[in-house]
Every structure is written in structure tokens, then in C-alpha cells.
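In this note's numbering, the protein residues as written are 4 to 407. Step one of this worksheet: look at the structure below.
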């Protein structure tokens, strides 16, 4: 599988690219893919570069046949998954769970399926360049579909000539994309796909709602104390006013509540009210968190909780930084899946798809504040906490500098 073929065998650099990408196409389990996926997710610049790379490959060739590290799922993950093709999908469709008969010819079977309508080559929204190239060959296999068909009376010999062009041009197109297209293994098992839990936010719907109601409460308190007009013009150190900041925080948490509720199959709590606009605000935030200035703030601090008269020391809580923690998500009770077919279902329209559904897991990198509880002679200011944290070392070393 890693032996360079096609034009990739014409130069050492191309051979190296071929071997590299074929290695990256190797199937990984979710557990094997987890560390790399979490490393990418934890670094915004790396995640952006990897996402752009994946998107480019899918558009230059075709959508992937399995999950990549952006959203690892199930038991089949690749760093750079191979791409789907109409001919590969047809092979899997016909022979995923039964032997391939002697004398089978894929090119003629594909042409027959195009003519019958059971294979539709029309590109869809996610299609890549390969789909568009193969679509251009459709009227060679099915000339009666061409716009000019009513002006032509094609003899059987010329139709066979067009078929020969079809299979030659298809082979040349596939050779151009040979490194990236999947070469499926057929005749050995039923088709399958994985469904994984999708969590756009941690599943803490009640927490998000109560945070939103807290911001709503304090906005009401300030408006009652100073008047809504005054609160509406009170400036903040940065852009905006006190009122606009409170409204935005409330909206963001309401959107998180709606998103988490939907992921769990629940409607928003009635106390949240209409959450449509809030959900849109949260989705914008979640899609581009790196641009939110509030997330760039240094939140390291120390706060006293109580004073011990005997020890003559404060018990303090200190936040000393952030880390990421892997959150592994699986279905405890798998949902019920329905397989449906139809024109929007893909290339095959003659009968519904009947793959095997596998309920996989997903891994997410969750941001986590690192907080410690210490004895201290006196609470430190934010600047003092940050300066001692910046001196480096592990958590015990930092705690030693912050506490007694």
C-alpha cells in the first residue's frame, strides 16, 4: 500500500510524499488517536493549521471515508484519512458482505449503474474536485442524458467508443488522485459507520442557566439602584458599558445552556426564555474563541477563605493557571438509529443504504483551571501571585512559593 505508483514514482520527493501520506492514512483506534487529537485541540494555532490542511485535502480530492483528528470517533480514525470515490463506494456497496464473482468488471458495472440512476455523480455541497471530474464523465457512460442527446442518434459501436473513453478518462483521473483515494477492501464484511456523541460544550446545562440568571439578577439590582439609563451608559475599562457586558454574559451562558440541552436531547429550561438568539451568539463564540478578549485575560489570583486563630494563618484558594483534560464520551444506552435512502442520501438511489451502525466514543479536550488550597501568612495580590507563578517549576514548587 505504501509503494509509490502513478506519477508519484517519477521523483524521489514525490515518492517520499506518497509514503508519508499513506502512513498517515493508517487506521488508529480512538485510544491511539487520543493523545495526538488532544495535543492539536489544545493549541489553537496547531488546530487551525490542521483543520485547514484537512479541509484543503477534502476539497482537492473528496470527503474522507472516516474520522480525522478534528473529531475522532469510533474505532477507525486516521491522521489523514483517505477520500471516498464513486467507484470505491460502489464496490463497498455491492461486495462489502459477499464475495466478488469471477468475471466482475467494475468499469462496466459503474457505467450500468450510472445509466440506471442507482449511481448519481452529481456533486453535492461537500464534494471535492474528484467528484466534479467524474461528474464530467457521466455523459460518456450515459450519453442519452446529455443536453445534445435529442440531436444525436448514436450507433452501438459509437456508444462502445464512448464507454472506452469513459473508462480511460476515469482511470486517468483516479491516477491523479491515487495517493489520496481509498482503495477499499471488499468481499470481506458488511459496510458500517460510526455514530459518536457530539458535545459542542460540556454537558452542564443547569450550571450555564444559573450563571445566566445570576447575571440577569445583578443587572436588575444595578438598574433598581441607579436606574437603567445610568447603568446603560456606565463605561467599562475596555469597550462597551456595564449593561452591555452583563447582557452579553447572560446571553452567552443562555446559549451554552441551549446548546448543552440540545446535545442531551432536552429542550431549554423554561426559565431561560427564548434562546434562539442566545444560541447563535454562543455558536459564534464557540466557533472563534481565540478572538474573544475575555479569554486572553490573566486570571491567576489568590483569595482568602478564613483565618485560623491558632495557626495565625489564612486559608486561601489560589488559581495558578490552566491545563487541558481529556473528556471521553460514550453512549451508555445507544440511541435508536434509522437508515433511510433517497436522492439526498448519496450516490446510491436504487435502494436504502443498509450499513452496520457502530456506536463509538469521542474525545474532547476540556479547559480546566488549576486551583489549589493553601495556608498563607497573608493573601497575595494578583501581581504577586503571577510573579511567583512565572518563576516556573511544577505545581508543588509554585505552591511552596505562594504559601507558608
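Don't be surprised by glycine CBs; every beta carbon is placed ideally from N, CA and C.
Are the beta-carbon atoms belonging to residue i and residue j less than 9 Å from one another?
| i | j | result |
| --- | --- | --- |
| residue 84 | residue 94 | no |
| residue 122 | residue 89 | yes |
| residue 385 | residue 394 | no |
| residue 257 | residue 220 | no |
| residue 328 | residue 371 | yes |
| residue 112 | residue 124 | no |
| residue 82 | residue 182 | no |
| residue 62 | residue 114 | no |
| residue 184 | residue 64 | yes |
Please report the distance separating the alpha-carbon of residue i from that of residue j.
| i | j | result |
| --- | --- | --- |
| residue 176 | residue 254 | 50 Å |
| residue 10 | residue 133 | 17 Å |
| residue 58 | residue 237 | 44 Å |
| residue 381 | residue 337 | 53 Å |
| residue 324 | residue 225 | 32 Å |
| residue 204 | residue 260 | 9 Å |
| residue 406 | residue 289 | 36 Å |
| residue 190 | residue 70 | 23 Å |
| residue 8 | residue 152 | 38 Å |
| residue 311 | residue 39 | 46 Å |
| residue 209 | residue 138 | 49 Å |
| residue 23 | residue 6 | 11 Å |
| residue 300 | residue 326 | 15 Å |
| residue 287 | residue 313 | 52 Å |
| residue 186 | residue 91 | 7 Å |
| residue 352 | residue 373 | Low confidence applies here, because residue 352 scores a pLDDT of 40, under 50, leaving its location unreliable; read the following figure in that light. Taking the straight line from one Cα to the other gives about 53 Å. |
| residue 35 | residue 78 | 9 Å |
| residue 15 | residue 25 | 15 Å |
With distances taken from CA atoms, which of the options is nearest residue i?
| i | options | result |
| --- | --- | --- |
| residue 130 | 86, 158 and 17 | 86 |
| residue 303 | 145, 275 and 388 | 388 |
| residue 201 | 167, 187 and 263 | 263 |
| residue 249 | 223, 265 and 272 | 223 |
| residue 198 | 80, 24, 53 and 272 | 80 |
| residue 211 | 383, 271 and 42 | 271 |
| residue 269 | 207, 307, 119 and 328 | 207 |
| residue 157 | 36, 146 and 312 | 146 |
| residue 166 | 142, 294 and 315 | 142 |
| residue 72 | 64, 55 and 65 | 55 |
| residue 101 | 188, 76, 228 and 127 | 188 |
Once you ignore the five residues that flank residue i on each side, which residues in its own chain have a CB closer than 6 Å to its CB?
| i | result |
| --- | --- |
| residue 161 | none |
| residue 333 | 364 |
| residue 330 | 367 and 369 |
| residue 172 | 140 |
Closer than 7 Å by C-beta to residue i: which residues in its own chain qualify, once you throw out the five before and the five after it? Chain order, please.
| i | result |
| --- | --- |
| residue 298 | 292 |
| residue 44 | 50 and 368 |
| residue 309 | 318 |
| residue 235 | 244 and 246 |
Note down, in chain order, each residue of its chain lying with its Cβ closer than 8 Å to the Cβ of residue i, except the 5 sequence neighbours on either side.
| i | result |
| --- | --- |
| residue 148 | 141 and 142 |
Touch test, the region 319-330 against the region 368-381, Cβ-Cβ under 8 Å, three pairs minimum: yes
Segment contact flag, the region 214-231 with the region 252-269, C-beta cutoff 8 Å, min 3 pairs: As far as the Cβ criterion goes, the region 214-231 touches the region 252-269, which means the pair count is three or higher.
Cβ contact (3+ pairs, closer than 8 Å) linking the region 274-293 and the region 240-247: no
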